[in-house]
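A short worksheet on the structure shown next.
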Amino acid sequence: MIDELRRLREEALDAFAKARDAGELERLRVRYLGRKDGLVSGVLRRLGSLSPQERPSVGAAANRAKKLLAEALQDRLGEVTAARPETERALDLTLPPRRKWRGSIHPVSQVIDDIWRIFESLGFARARGPEVDTEWYNFVALNTPLDHPAADEQDTLYLAPGLLLRSHTSPVQIRTMERYPPPIRIMAPGMVYRRDTYDATHTPAFAQIEGLVVDEGVTFVDFKATLAEFARRFWGPGTQVRFRPSFFPFTEPSAEVDVKRVIVREDGREEETDWIEIMGAGMVDPAVLDNVGYDSERYTGWAFGMGPARVAMLRHGVRDLRLFYENDMRFLGQFT
Ligand code: DAH
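Take 1 as the starting number for the sequence shown in this note's numbering and just add one per residue.
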């Protein structure tokens, strides 16, 4: 039996060395070391037929052979798996597939697009201006002297004396009126910058969308009616609009515009929201028209500045404005 074990051992080692992959080695493991039908186990099972004197040495030899073969098998398994090409080793068919990378429009840009489409259908044109602008366009031409408190409220980053990151989109009003004669009907979306705290409702860089209408005979009625029409198209027919007296240097009178929306609750019942401020607005101050050389006796106008990120917060129930500007794909990827 000792001879038989020796033969088995040589034969097994030889077979292990020739095996090329893990599958083959597994078959050899079953053949030689399998508990039930393995050849080494077969020898151990026949120990009973030996004399009591022979039994211990043969038993010990069989166990040694078993241990040696198990180790040899393990070593060879390590060799054949390491020898597999890199690509094959990395292939794990149980991994879930990678999702296709799909870009989408930023939620704030989606709001700007939706606002734009409504005003476009009302006859507005799109305008744009530079994000780096001068004190003249950002403040002075907008009837805001630099020592006026309203200029303090929109403190921003200066790049050179008189040159700054625009603190609102209103300078586009001036640039547009300088280039084109009335009538004017424009929408001007873009980024603006302020020395603001970074918190749940403020970010130092944020989007605005500016609206401006100038023509003969334009009154507060046009202003109210157009904004009410916009609000009903944007938020639904039940939306109410409220104009609260306010102050901006470039409008007179000025207003904060609030909306009260109707939302449908989960149980199907309709509910009115609180009043929510969505924009600053007003009738264009004649001094602004004078600054661009328009005849302020002949022309009147109205304007507004809206924060689309605010609107996006309302639309999606997002409580922290900063989420829109942190470029976290886990957040932004949800608005496809
Ligand atoms: N520019 C103002 C701001 O950023 C918003 C604003 C108010 C724009 C009234 C307007 C306006 O065009 O008429 O706070």
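Beta carbons: idealized from backbone N, C-alpha and C, even for Gly.
Secondary structure at residue i, three-state DSSP: helix, strand or coil?
i           : result
residue 45  : helix
residue 100 : coil
residue 186 : strand
residue 4   : helix
residue 326 : coil
residue 215 : strand
residue 334 : coil
residue 53  : coil
residue 19  : coil
residue 32  : helix
residue 316 : helix
residue 37  : coil
residue 181 : coil
residue 122 : coil
residue 115 : helix
With a threshold of 7 Å, establish whether the CB of residue i neighbours any heavy atom of the ligand DAH.
i           : result
residue 296 : no
residue 304 : yes
residue 281 : yes
residue 331 : no
residue 210 : yes
residue 202 : no
residue 94  : no
residue 250 : yes
residue 148 : no
residue 121 : no
residue 254 : yes
residue 168 : yes
Per DSSP, which one or two residues make a beta bridge with residue i?
i           : result
residue 245 : 255
residue 205 : 193
residue 210 : 188 and 305
residue 199 : 202
residue 240 : 260
Start-end ranges of the beta strand (DSSP E) lying completely within the region 125–174, minimum 3 residues: 132–134, 158–160 and 163–165
Sufficient close CB pairs (3 or more, under 8 Å) joining the region 194–209 to the region 233–247: no
4-residue-minimum alpha helix (DSSP H) runs that sit fully inside the region 249–311, ordered along the chain: 286–291
Continuous alpha helix (DSSP H) assignments of at least 4 residues falling wholly in the region 58–97: 86–90
The region 90–110 touching the region 162–174, judged by at least three CB pairs closer than 8 Å: no
Meets three-Cβ-pair contact criterion under 8 Å: the region 255–271 and the region 113–122: no
Cβ contact (3+ pairs, closer than 8 Å) linking the region 253–263 and the region 279–286: yes
Inter-stretch contact at 8 Å, needing at least 3 Cβ pairs: the region 63–80 / the region 20–27: yes
Three CB pairs or more closer than 8 Å across the region 143–159 and the region 172–191: no
The region 65–72 touching the region 90–107, judged by at least three CB pairs closer than 8 Å: no
Three or more C-beta pairs below 8 Å linking the region 236–247 and the region 309–324: no
Validate contact between the region 10–19 and the region 43–55 using beta carbons, cut 8 Å, 3 pairs: no
The region 282–302 in contact with the region 311–321 per 3-pair CB rule at 8 Å: no
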